[in-house]
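Asker:
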Amino acid sequence: MFLSDSIGAIAHLFYPSICFGCRKNEISPTEWLCLNCLSTLPLTGFENTRDNPVEQLFWGRTPIQFASSCFFYVEKTPIQRLIHQVKYKEQQQLGKWLGQMMGRQLKTIYQSYQVDIMLPMPLHPKKQHQRGYNQATLLCEGIRTITNCDFAEQLLIRNTNTQTQTKKTRMERWNNVSEVFSITNTEAIINKHIVLVDDVITTGASTEACAAALLKEGASAVSICSLAFTL
Ligand SMILES: [Zn+2]
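In terms of this note's numbering, the sequence shown opens at residue -1 and continues consecutively.
1. Please list, in chain order, all residues with a C-beta atom less than 6 Å from at least one heavy atom of ligand 1.
2. Check for me: the alpha helix (DSSP H) holding I141 runs from which residue to which?
3. Could you pull out every unbroken beta strand (DSSP E) segment of at least 3 residues lying fully inside the segment 30 to 86, listed in chain order?
4. Tell me whether D3 is buried or exposed, calling it buried when 16 or more other Cβ atoms sit within 10 Å of its Cβ.
5. Please name the residue, chosen from L36, I25, Q63 and V72, that lies closest to T200 on a Cα-to-Cα basis.
6. Are the segment 24 to 33 and the segment 177 to 190 touching, with three or more C-beta to C-beta distances below 8 Å?
7. Of the residues T143, G19 and F70, which one's Cα is nearest the Cα of L80?
8. Do you know how far the Cα of L121 is from the Cα of E88?
9. Rounded to the nearest angstrom, what separates C17 and L36 at their Cα positions?
10. Where do the ends of the alpha helix (DSSP H) carrying M119 lie?
11. Closest by CA to Q91, which one among G101, F56 and L136?
12. Determine the direct distance from the alpha carbon of L39 to that of N132, and round the result to whole angstroms.
13. Using three-state DSSP, classify R102 as helix, strand or coil.
14. Start and end of the beta strand (DSSP E) containing C223?
15. Could you give the DSSP three-state label for I188: helix, strand or coil?
16. Nearest CA to the CA of I222: which residue from Q83, K85, N50 and K22?
17. Would Q109 count as contacting chain B if we go by Cβ distances under 8 Å?
18. Just verifying my parser: in three-state terms, what is the DSSP assignment at S204?
19. Pull up the DSSP beta-bridge partners for E24, would you.
20. Short of 7 Å in beta carbon distance, which residues of its chain neighbour G6, apart from the five on each side in sequence? Order them along the chain.
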């Protein structure tokens, strides 16, 4: 037994860990979910389904190579609690672990579509400063350990001066969204198949703006992967 294992085991004697999903069942300190929560996570299977609901979000908007989400996002269920822990409770290791789950789903499709690099969806700089990390970057780290696909954190950035969206028309909103993001090194994306990685996809408006910007600047293809998808 390694020293860190012993310390973890001793800590467990005094501080039993509780499942991050149900907040009821005990788990070992090296785990995040009990077996019950793990086996009932709402997997989408989208990675094996073309024209899946995430891809359909982008139909008639921006050409996407493929899109997939690992889980359905359901309020008041383990997946929502896990995402909350990663975003607001500084559970960075949990973020990487969830990224590894994504990596296992995505490994085959990354190979068959020859993905070159992943870019985490950038947070607003103020939010990133407050949080100290970007949860999408943690997901990328986890995915990389499984797929060996690299990522770049500073290639795509969110600009600081962005106006409120509410009083604009749909077209104005879209133009505004497309000005929200900048690419810091266009040479690094030319002729590359890029995967944008996000935590939760709802309308896909921000990811679409990034995808459009990347294609305009010379990326050969853009795909979109998220941890969860809101129905
Ligand atoms: Zn549980």
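Beta carbons: idealized from backbone N, C-alpha and C, even for Gly.
Answerer: In brief:
1. Residues with a Cβ closer than 6 Å to any heavy atom of ligand 1, in chain order: C17, G19, C20, N23, L31, C32, N34 and C35.
2. Here residue 141 refers to the residue found at position 143 when the sequence shown is read from its first residue. I141 -> alpha helix (DSSP H) spans Q133 to T145.
3. The segment 30 to 86 contains these whole beta strand (DSSP E) runs: 65 to 71.
4. Position 5 of the sequence shown, counted from the start, is the residue given in the question as residue 3. At D3, the pLDDT of 48 sits below 50, so the modelled position is not reliable; the number obtained from the coordinates is stated separately. The residue in question, D3, is exposed, as its Cβ has fewer than 16 Cβ neighbours within 10 Å.
5. The residue you call residue 200 lines up with position 202 of the sequence shown. Relative to the Cα of T200, the nearest Cα in the group L36, I25, Q63 and V72 belongs to V72.
6. Not touching, per the Cβ criterion.
7. By one-based count along the sequence shown, residue 80 stands at place 82. Relative to L80, the option among T143, G19 and F70 whose CA is nearest is G19.
8. Residue numbering aside, residue 88 sits at position 90 when the sequence shown is read from its first letter. Residue numbering aside, residue 121 sits at position 123 when the sequence shown is read from its first letter. Between E88 and L121, the C-alpha separation is close to 15 Å.
9. Here residue 17 refers to the residue found at position 19 of the sequence shown. Here residue 36 refers to the residue found at position 38 of the sequence shown. Between C17 and L36, the C-alpha separation is close to 10 Å.
10. Stepping through the sequence shown from its first residue, residue 119 is reached at position 121. The continuous stretches of alpha helix (DSSP H) do not include M119, and DSSP gives it neither H nor E.
11. The residue given as residue 91 occupies position 93 in the sequence shown. Taking each of G101, F56 and L136 in turn and checking the Cα distance to Q91, the smallest one comes out for L136.
12. Residue mapping note: residue 132 aligns to position 134 of the sequence shown, counting from 1. Residue mapping note: residue 39 aligns to position 41 of the sequence shown, counting from 1. So the alpha carbons of these two residues sit roughly 23 Å apart.
13. For this step, residue 102 is matched to residue 104 along the sequence shown. Residue state, collapsed to three classes: helix.
14. Along the sequence shown, read from residue 1 onward, the residue named residue 223 stands at position 225. In the DSSP assignment, C223 falls within the unbroken beta strand (DSSP E) covering A219 to T228.
15. As a position in the sequence shown, residue 188 is number 190, starting the count at 1. Of the three classes helix, strand and coil, the one that applies to I188 here is coil, per DSSP.
16. Taking the first residue of the sequence shown as position 1, residue 222 is located at position 224. The residue with the shortest Cα to Cα distance from I222 is N50.
17. Note that chain B does not occur in the displayed structure, where there is just one protein chain.
18. Counting from 1 along the sequence shown, the entry for residue 204 is found at position 206. If DSSP states are grouped into helix, strand and coil, S204 belongs with the helices.
19. By 1-based counting over the sequence shown, the position of residue 24 is 26. E24 pairs with I16.
20. Position 8 of the sequence shown, counted from the start, is the residue given in the question as residue 6. Note that G6 scores a pLDDT of 47, beneath 50, so its modelled location is shaky; the value from the coordinates is reported in the next line. So the qualifying residues of the chain are P27 and T28.
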